[in-house]
Amino acid sequence: MLTTLISDCDGVLVDSEVVAFEVLVREAQAIFPQMDVNLHLTSAFGQKTEELVRQLAVKANALIPEGFLLHLRQVTDATIEAQAKAVADVSILVALPELKAVASNSGMARVRAAAKLVGLLNRGDVQIFSADQVENPKPAPDLYHLVAQSLAVPPQSCLVIEDSLSGVVAAQKAGMQVIGFTGGAHIPAGHDDALRQAGVLDVFQHMKDLPLMLKKLTRW
58 MLTTLISDCD GVLVDSEVVA FEVLVREAQA IFPQMDVNLH LTSAFGQKTE ELVRQLAVKA
118 NALIPEGFLL HLRQVTDATI EAQAKAVADV SILVALPELK AVASNSGMAR VRAAAKLVGL
178 LNRGDVQIFS ADQVENPKPA PDLYHLVAQS LAVPPQSCLV IEDSLSGVVA AQKAGMQVIG
238 FTGGAHIPAG HDDALRQAGV LDVFQHMKDL PLMLKKLTRW
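So the sequence shown is numbered by the numbering used here: it starts at 58 and just counts up by one.
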């Protein structure tokens, strides 16, 4: 039986993916002027920023400047905190008593800032998890294994809300069920079909539709 709800952060709690991508393109273009970053970086959706920068460095046949990754994280976190907005009607998700954890590929500082923005830090029963805590980020299952272990719940009792394919894969590899959210500004056309093909139980675009979906899928 599904009893524990887990949510991704970027693109589910806060509409931050577009902001983060714009920062990445701007900062990467500054260190790789010999290439058009936009041609090689169509999306950062669901991927670790550090790995994307490493891929760009290989394509540019260049080294990543010392300290750049830390600089990029700091600039991205500050920009998101200043510009990102909560997903519409996210208070519906935040209020669900079954929500027990947030699990994100982003750094802990950014995830906690997002949780504060949407009011999750006011709840004492929701734990925050970041890829900073595990060796391998999504799509590896490490983060979701950590969540289940920390909550002391079996993976098969967990239902995860994800917007990215890498997040879906991570949760599934950890033995969890997944529903897809497509309400973020960064979501491309046809992404709902891609999520369904990946094996999610269902897809929703508006937070107001979440409670009814949960009633249909679970017994809580």
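Beta carbons are placed, not taken as given, at the ideal position from N, Cα and C, and that holds for glycine. No experiment lies behind these values; they were computed from the predicted model shown.
- Per-residue burial, residue 219 [other beta carbons within 10 Å of its own, 16 or more giving buried]: buried
- Query: For residue 133, which three-state DSSP category applies?
  - Reply: When secondary structure is reduced to three states using DSSP, residue 133 falls in the helix class.
- Query: Expressed to the nearest angstrom, what Euclidean distance is found between the alpha-carbon atoms of residue 67 and residue 161?
  - Reply: 7 Å
- Are at least three pairs of beta-carbons, each pair with one atom in the segment 170-180 and one in the segment 192-203, less than 8 Å apart? no
- Task: Starting from the C-beta of residue 270, find all residues in its chain whose C-beta is less than 8 Å away, skip the five residues before and the five after it, and write them out in chain order.
- Result: 236, 259 and 261
- Task: If I'm right that residue 71 touches residue 175 with Cβ under 8 Å, what's the distance once you round it to whole angstroms?
- Result: 7 Å
- Does the count of Cβ pairs from the segment 106-119 and the segment 134-149 closer than 8 Å reach three? The answer is no - the segment 134-149 does not touch the segment 106-119, with fewer than three Cβ pairs under 8 Å.
- Message: Buried or exposed for residue 253, going by 16 or more other Cβ atoms inside 10 Å?
- Response: Classification of residue 253: exposed, given that the 10 Å Cβ count is below 16.
- Would you mind sorting residue 65 into buried or exposed? The rule is 16 or more other CB atoms within 10 Å of its CB. buried
- Message: Tell me the rounded alpha-carbon separation between residue 94 and residue 223.
- Response: 22 Å
- Query: Helix, strand or coil: which one does DSSP assign to residue 65?
  - Reply: Note: residue 65 maps to coil in three-state DSSP.
- Query: Applying the criterion that 16 or more other CB atoms from any shown protein chain within 10 Å of the CB defines a buried residue, is residue 157 buried or exposed?
  - Reply: buried
- Just to confirm, are residue 187 and residue 163 a CB contact at a threshold of 8 Å? yes
- Between which two residues does the alpha helix (DSSP H) harbouring residue 88 extend? From DSSP, the alpha helix (DSSP H) with residue 88 extends over 74-88.
- Message: Residues in the same chain with beta-carbon distance under 7 Å from residue 84, minus the five sequence neighbours each way, listed in chain order, please.
- Response: Cβ within range, chain order: 129 and 132.
- Message: Is the separation between the beta-carbon of residue 185 and that of residue 169 shorter than 8 Å?
- Response: yes
- Pull up the distance between the alpha-carbon of residue 74 and that of residue 171, whole angstroms please. As the crow flies, the alpha-carbon of residue 74 is around 12 Å from that of residue 171.
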